[in-house]
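The listed protein sequences correspond, in order, to chains A and B. To convert, count from 1 in the first sequence and add 1049; that's my numbering. To convert, count from 1 in the second sequence and add 123; that's my numbering. Step one of this worksheet: look at the structure below.
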Amino acid sequence: AQSVTQLDSHVSVSEGTPVLLRCNYSSSYSPSLFWYVQHPNKGLQLLLKYTSAATLVKGINGFEAEFKKSETSFHLTKPSAHMSDAAEYFCVVSLADGLTFGKGTHLIIQP
Amino acid sequence: NAGVTQTPKFQVLKTGQSMTLQCAQDMNHNSMYWYRQDPGMGLRLIYYSASEGTTDKGEVPNGYNVSRLNKREFSLRLESAAPSQTSVYFCASSETPERGYTFGSGTRLTVV
């Protein structure tokens, strides 16, 4: 069985400060891991993916995530938040029968 | 533009009515998926199709049926809509799970 836990349902940061969105996973297999972003009333957009190559993965819009097998974590970070980063973020584990989604973290950017 | 196209974008149904949500992809992907999104629940898999001619149940299949009409199209049918099926429905496709998924823009369904 596999599961994904996003540790924070809401995260609020000030514009220009770092962003950290936390994700832990459990999987019986070597997982593929993803972060997706969903802006209000929009579909889901792939931010980045880990597929057993480099453990530090760079994505779009300045986001990156580090796969830590010993901690079963795949946290998403960005050095400096922008107002346009306000959105819902989903950590996702992939196996052959589809994706398992975390429940999402709502990122709020304070001006 | 290449991608996943869902129709309709919005729909209001009365309890007991039926409807079919359409999904088509033009990326020659083998696998297609239907998810529903509810507040605080993330996305939950309803049905998927690993290849043309096959379909399998996901986490929340009750009240739904699917048809993989050909490699491009994967439809989701509600035979007798219930208020509990009020949700946003997303179709997705993939070449392989490791490469990630492409999502459609969603169908917002309200059952009254």
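Even glycine gets a Cβ: it sits at the ideal position worked out from N, Cα and C. Predicted model, so just to flag it, every value in this text is computed and none were measured.
Contacts that residue 221/B makes with chain A (C-beta to C-beta distance below 9 Å): 1081, 1098, 1100, 1101, 1143
Beta carbons nearer than 7 Å to chain A: which residues of the stretch 145-169 of chain B have them? 156, 163, 164, 165, 166, 168
Any chance the stretch 155-168 of chain B sits against the stretch 206-221 of chain B, with 3 or more Cβ pairs inside 8 Å? yes
Quick one: what's got a C-beta closer than 7 Å to residue 186/B's C-beta in the same chain, skipping five residues either side? 201, 205, 208
Does any residue of chain B bring its CB to less than 7 Å from the CB of residue 1125/A? no
For the stretch 133-140 of chain B against the stretch 224-232 of chain B, do three or more pairs of beta-carbon atoms, one drawn from each stretch, fall closer than 8 Å, so that the two count as touching? yes
Just to make sure I have the definition right: I need the residues of chain A whose C-beta is within less than 7 Å of the C-beta of residue 210/B. Which are they? Ordered by position in chain A, no residue passes the 7 Å Cβ test against residue 210/B, which lies about 14 Å from the chain.
Burial state of residue 1157/A (16 or more Cβ within 10 Å): exposed
Comparing the C-beta of residue 226/B with each C-beta of chain A, is any distance below 7 Å? yes
Residues of the stretch 185-213 of chain B with a CB closer than 8 Å to any CB of chain A: list them in chain order, please. 213
Please report the residue range of the beta strand (DSSP E) in which residue 1060/A lies. 1059-1063
Rank 1075/A, 1102/A, 1112/A, 1135/A by C-alpha distance to the C-alpha of residue 1128/A and give the top, closest one. 1112/A
Quick one: what's residue 1112/A bridged to in DSSP? Residue 1112/A is not bridged to any residue.
Could you list which residues in chain B have their beta carbon closer than 8 Å to that of residue 1139/A, in chain order? 165, 166
Check whether the Cβ atoms of residue 1137/A and residue 1124/A sit closer than 7 Å, and answer yes or no. no
Would you report the Cα separation of residue 1115/A and residue 1075/A, rounded to the nearest angstrom? 16 Å
For residue 1061/A, tell me which candidate among 1101/A, 1099/A, 1070/A has the shortest Cα-Cα distance. 1070/A
Using the three-state DSSP reduction, which class does residue 179/B fall into: helix, strand or coil? strand
Taking only beta-carbon positions, decide if residue 229/B is within less than 7 Å of chain A. yes
Any beta carbon from chain B within less than 7 Å of residue 1150/A's own beta carbon? yes
Tell me the DSSP secondary structure of residue 196/B in three-state form. strand
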